[in-house]
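Reading through the structure tokens given below for one structure.
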Amino acid sequence: MNAALIEGVSMGLVLSAMIGPVFFTLIQSSLEHGFRRTAVLALGILASDSIYVIVTYFGIRFLADTTLFEQVLGYVGGLILIGFGLISLVKKRADRPSTGGLSISKIKKRTAFAKGFSINGVNPFVLLFWISIASLVYLKSTWDTSDILLYYSGILITVFSIDLLKAFVAKKLAHLVTPRLMQILNKVVGLIMVGFGIRLIWWASMN
């Protein structure tokens, strides 16, 4: 299997394990409305992530000729990932479901697709995450277009597939989703994100 695709799947697994508004929205939607509606909600999340991929990737490429851009990008992207990791490590308990600043009554009137798109899209941390990913991709000087496409496809398909899996098993595993389990998962994800961030900074320092 292509190395870029494997790395994309790995990053997708990390992103899928992050606990936040989207995680709880998927679980809550599955419990209240069933798998089919939650699958549409997951499509909205996928669409939002895809737009962020395009914006951040081409935004990074546009700035690529700036002096020392490569080093600065590596350091900034690495620090963003480390920041995500540290937040997960120090978080005392999992966040409760969030509507991303939109009222519950308004969201209930919208389609599941729009709900998923908006909750994921209005979260600034999602944008920061994709900026860090674009930074990592830019520093992969040996990757060609097909490698980049496979990498992003690996992330997006993995996240979407696991979102569907979360929706499918939510009712069966609802009694296992305890605050203690979420706290442990946050710490594991935090360590992984810090590791990705350190590696990105290391790559930048070597260029």
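Using the numbering used here, read the sequence shown as starting at 56 and increasing by one per residue.
Quick reminder that beta carbons are idealized off the backbone N, C-alpha and C, glycines included.
> Out of curiosity, what's the CA-to-CA distance linking ASP199 and LEU183?
Replying inline: 24 Å
>> Closest to LEU86 by C-alpha separation, out of LEU246, VAL145, PHE223, GLY171, would be which residue?
In response: PHE223
> If THR93 sits next to ILE186, beta carbons under 8 Å apart, how far is it from one beta carbon to the other, in whole angstroms?
Replying inline: The Cβ separation is near 28 Å, so there is no contact.
> So THR213 and VAL64 are in contact, right, with Cβ under 8 Å, and what is the actual spacing, rounded?
Replying inline: 5 Å
>> Counting beta carbon pairs with one atom in the segment 94-104 and one in the segment 244-256, are three or more of them shorter than 8 Å?
In response: no
>> Here's the rule I'm using: 16 or more other beta-carbon atoms within 10 Å means buried, otherwise exposed. How should GLY67 be labelled?
In response: buried
> Excluding the five sequence neighbours on either side, which residues of its own chain have a C-beta within less than 6 Å of the C-beta of ASN57, listed in chain order?
Replying inline: LEU205
> Near PHE113, which residues of its chain fall below 6 Å by C-beta distance, leaving aside the five closest residues on each side in sequence?
Replying inline: none
> Quick one: what does DSSP say LYS195 is sitting in, helix, strand or coil?
Replying inline: coil
>> Considering Cα atoms alone, identify which of VAL131, VAL145, LYS170, SER216 is closest to LEU191.
In response: VAL131
> In three-state terms, what does DSSP make of MET261?
Replying inline: helix
> From TRP257 to GLY89, what distance separates their C-alpha atoms?
Replying inline: 45 Å
> What does a CB cutoff of less than 6 Å around SER160 pick up in its chain, not counting 5 residues either side in sequence?
Replying inline: Caution is warranted here: a pLDDT of 36 is assigned to SER160, below 50, making its placement in the model unreliable, and the coordinate value is therefore given only provisionally. Correct list: empty, nothing qualifies.
> Excluding sequence positions up to five away, which residues of its chain have a Cβ less than 8 Å from the Cβ of VAL249?
Replying inline: LEU136, ILE137, GLY140, LEU141, LEU144
> Residue range of the alpha helix (DSSP H) that ASN175 falls in?
Replying inline: 167-176
> Around the C-beta of THR166, are 16 or more other C-beta atoms found within 10 angstroms, so that it is buried, or is it exposed?
Replying inline: Counting the other Cβ atoms within 10 Å of the Cβ of THR166 gives fewer than 16, which makes it exposed.
> Looking at the unbroken alpha helix (DSSP H) that takes in MET66, where does it start and where does it end?
Replying inline: Counting along the chain, the unbroken alpha helix (DSSP H) around MET66 starts and ends at 58-72.
> With LYS221 and LEU134 assumed to form a contact (beta carbons below 8 Å), what rounded beta-carbon distance in angstroms separates them?
Replying inline: The Cβ separation is near 29 Å, so there is no contact.
> Leaving out the 5 sequence neighbours to the left and right, which residues in its chain are closer than 8 Å to LEU211 when beta-carbon positions are compared?
Replying inline: GLY67, LEU101, ASP104, SER105, VAL108
>> Below 8 Å on the Cβ atoms is my contact criterion, and I expect ALA97 with LEU194 to pass it. Report the Cβ-Cβ distance as a whole number of Å.
In response: About 30 Å separates the two Cβ atoms, so there is no contact after all.
> DSSP state of GLY89, grouped into three classes?
Replying inline: coil
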